[in-house]
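Engineer: Numbering (our numbering), first residue to last: 991 to 1280.
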Amino acid sequence: MKIAYICYEVQERYVVGTTGDEDTELLQFLQGKGLDIHREIWTDQTVNWQQYELAILKSPWDYIDKIDAFYSWLQVLESYQIRLLNPAGIVKWNSDKHYLKDIAAAGLPVTPTAFLERGTTVALSPFFDQFNTNRLIVKPCVSGGSKNTFAITRPQVADLQPKIQTLVQTESFLVQPFIPEIETAGEWSLLFFNGKFSHSLLKKPKAGDFKVQHYLGGSIHPQEATAQQITSAVAFVTAFAKDCLYARVDGVMVDGQFLLMELELIEPLLYLFTHPESYQDYFEALVSLM
C-alpha cells in the first residue's frame, strides 16, 4: 500500500523549542518499518494523488490560512477514493471550533464557550458577567498557533472591541473565560493512537503569558497523567474520534475535573520525543487501520 504523508510548505516554524524534527523522524521510523510512505505537501499542485491508496495528515499547519483550498483538497482525495487518516469528515468537523458545541451537548466537560458569528455586532462586556470572569479569551473559530487571539480585561474592551468587530466581518470568533489554572498549573496534552492512550505531558506558559505553545515561549514537561485524567480523556476520544489514527486531548484541571480546551484531530504536534515508545505506538495504530 502506497501512503502519502501530508505536511505543509515550511517545516521549521513549529519545531522551535523541541528536540528534533518530529515530521522527519516519524517518517524515517515508518519507512524503517518497511512502509511505502512518502512526504507530500498538500498544496503542491504537481502531486499525482491517484498513486496513493492512503493519506496520513501529519502537519498541514497552514490550512487555517487556506481553509477553502483545504476543503477542496479533501474533496479531491475523496474523488480519488483515497482513504484519509484521520477521516475527512472528522477533519472538516474539527477544523472549526464550533465543534465545541457538539462536545458540550454530549454532556462532556468543556471550557464555557460563546460565539461571535460572522457579520454580527460584537458586544464583549456582557461576557464578563456571563462567565463570571475578569478576563476573556477571544480567538477565531478556524485558528491555530494563537493567531488573532486576544486576552481582554474589562478596561481593554473599548480599545479592542473595534478591532475584533472588524475581524468578525470576515470570520466567526469564540469567546471563553480565561482559565487561571493554565498560568498556575499548565495545560495537559494526552495522546491517543487508534483510541489507545500512548503518553501525556504538561505545557506551561512563560512567566506573564497565557500561551502554552513552545514556539511562543512555553515549556514542555513530560508527565504521567493520572488514571482519572486518562479516563476523562478517553470519553472525548470514544465519542468524537472514531477510527482516528491519532487524537490529542488538551485540557486543564479545574477543581479536580479535567476540562477540555481543544480536541486536536487534524495536525497536532504529537510530542513523540517525550515518550520512548510513542513511535512504536503510532506504527502499531497505523497498521491496525490499514
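Glycine residues also receive a C-beta, built at the ideal position from the N, C-alpha and C atoms. Keep in mind the model is a prediction, meaning the values are calculated, not measured.
DSSP three-state call for Val1132: helix, strand or coil?
Structural biologist: Working through the sequence shown from its first residue, we reach residue 1132 at position 142. Of the three classes helix, strand and coil, the one that applies to Val1132 here is coil, per DSSP.
Engineer: Can you give me the Cβ contacts of Gln1219 inside the same chain, cut-off strictly under 6 Å, excluding the 5 residues immediately before and after it?
Structural biologist: Reading the sequence shown from its first residue, position 229 is the one you call residue 1219. So the list reads Phe1248, once near-sequence residues are dropped.
Engineer: With a threshold of 16 other CB atoms inside 10 Å of the CB of Arg1299, please say whether the residue is buried or exposed.
Structural biologist: The structure shown does not extend to residue 1299, since the chain is modelled only from 991 to 1280, so the question has no answer here.
Engineer: Could you tell me which of Pro1167, Pro1152, Ile1031 sits nearest to Thr1111, measuring between CA atoms?
Structural biologist: Here residue 1111 corresponds to residue number 121 of the sequence shown, with the count starting at 1. The residue with the shortest Cα to Cα distance from Thr1111 is Pro1152.
Engineer: When burial is assigned at 16 or more other CB atoms within 10 Å of the CB, is Trp1051 buried or exposed?
Structural biologist: Within the sequence shown, the letter at position 61 stands for residue 1051. When all chains shown are included, Trp1051 counts as buried.
Engineer: Do the CB positions of Pro1083 and Trp1063 come within less than 8 Å of each other?
Structural biologist: Here residue 1083 refers to the residue found at position 93 when the sequence shown is read from its first residue. Here residue 1063 refers to the residue found at position 73 when the sequence shown is read from its first residue. For the sequence presented, residue 1083 should be read as Trp rather than Pro. Cβ distance not < 8 Å, so Trp1083 and Trp1063 don't count as in contact.
Engineer: Helix, strand or coil: how does DSSP classify Lys1082 here?
Structural biologist: In the sequence shown, counting from the first residue as 1, residue 1082 sits at position 92. Lys1082 falls in the helix class under three-state DSSP.
Engineer: From which residue to which residue does the alpha helix (DSSP H) around Glu1173 run?
Structural biologist: As a working note, residue 1173 is residue 183 in the sequence shown. Where Glu1173 is concerned, the enclosing alpha helix (DSSP H) stretches over 1171-1174.
Engineer: Could you give the first and the last residue of the continuous alpha helix (DSSP H) run that contains Pro1116?
Structural biologist: What you label residue 1116 is simply residue 126 of the sequence shown in a count that begins at 1. Segment 1115-1120, the alpha helix (DSSP H) holding Pro1116.
Engineer: On the premise that Phe1182 lies in contact with Val1227, defined as a C-beta separation below 8 Å, what is that separation, rounded to the nearest angstrom?
Structural biologist: For the purposes of this step, residue 1227 is taken as residue 237 along the sequence shown, with counting starting at 1. For the purposes of this step, residue 1182 is taken as residue 192 along the sequence shown, with counting starting at 1. Yes, they are in contact, since the Cβ atoms of Val1227 and Phe1182 sit about 5 Å apart, within 8 Å.
Engineer: Does the distance from the C-beta atom of Glu1012 to that of Leu1260 stay below 8 Å?
Structural biologist: Mapped onto the sequence shown, residue 1012 falls at position 22. Mapped onto the sequence shown, residue 1260 falls at position 270. Going by C-beta atoms, Glu1012 is nearer than 8 Å to Leu1260.
Engineer: Suppose the cutoff is 7 Å on Cβ atoms and the five residues either side in sequence are ignored; what does the same chain contact list for Tyr1269 look like?
Structural biologist: Within the sequence shown, the letter at position 279 stands for residue 1269. Contacts found: Leu1016, Phe1019, Leu1262.
Engineer: Which residue marks the beginning of the beta strand (DSSP E) containing Tyr995, and which one marks its end?
Structural biologist: Numbered from 1 along the sequence shown, position 5 holds the residue referred to as residue 995. Start and end: 992-997.
Engineer: Just reading off the alpha helix (DSSP H) that Ser1179 is part of, what are its end residues?
Structural biologist: Counting from one through the sequence shown, the residue named residue 1179 turns up at place 189. Not the alpha helix (DSSP H): Ser1179 falls in the beta strand (DSSP E), residues 1177-1183.
Engineer: Straight-line CA distance for Ala1148 to Pro1116?
Structural biologist: Reading the sequence shown from its first residue, position 158 is the one you call residue 1148. Reading the sequence shown from its first residue, position 126 is the one you call residue 1116. The straight-line gap from Cα to Cα measures roughly 13 Å.
Engineer: Are the CB atoms of Phe1140 and Leu1150 within a distance shorter than 8 Å?
Structural biologist: For the purposes of this step, residue 1150 is identified with residue 160 of the sequence shown, where counting begins at 1. For the purposes of this step, residue 1140 is identified with residue 150 of the sequence shown, where counting begins at 1. In this structure, Phe1140 lies closer than 8 Å to Leu1150 by Cβ.
Engineer: Alpha carbon to alpha carbon, how far is Lys1091 from Pro1145? Give it in angstroms, no decimals.
Structural biologist: In the sequence shown, counting from the first residue as 1, residue 1145 sits at position 155. In the sequence shown, counting from the first residue as 1, residue 1091 sits at position 101. Taking the straight line joining both Cα atoms gives about 29 Å.
Engineer: For Glu1254, I'd like the list of residues in its chain whose CB is within less than 6 Å of its CB, leaving aside the five on either flank, ordered along the chain.
Structural biologist: Mapped onto the sequence shown, residue 1254 falls at position 264. The residues are Arg1238.
Engineer: Report the rounded CA-to-CA distance for Glu1161 versus Ala1175, giving the unit in angstroms.
Structural biologist: Start at 1 with the first residue of the sequence shown, and residue 1161 comes out as number 171. Start at 1 with the first residue of the sequence shown, and residue 1175 comes out as number 185. Going by the C-alpha atoms only, they are around 32 Å apart.
Engineer: Could you pull out every residue in the same chain whose Cβ sits closer than 6 Å to the Cβ of Thr1103, ignoring the five residues on either side in sequence?
Structural biologist: Mapped onto the sequence shown, residue 1103 falls at position 113. Only Leu1090, Leu1164, Gln1166 meet the Cβ criterion.
Engineer: Based on Cα-Cα distance, which residue from Glu1173, Ile1046, Leu1074, Lys1056 lies nearest to Ser1209?
Structural biologist: Counting from one through the sequence shown, the residue named residue 1209 turns up at place 219. Minimum Cα distance to Ser1209 is reached at Glu1173.
Engineer: Return the CA-CA distance between Gln1040 and Ala1231, expressed in angstroms with no decimal places.
Structural biologist: Stepping through the sequence shown from its first residue, residue 1040 is reached at position 50. Stepping through the sequence shown from its first residue, residue 1231 is reached at position 241. So the alpha carbons of these two residues sit roughly 26 Å apart.
Engineer: Do Ile1093 and Leu1250 have their C-beta atoms within less than 8 Å of each other?
Structural biologist: Here residue 1093 corresponds to residue number 103 of the sequence shown, with the count starting at 1. Here residue 1250 corresponds to residue number 260 of the sequence shown, with the count starting at 1. Yes, these two residues count as a Cβ contact at 8 Å.
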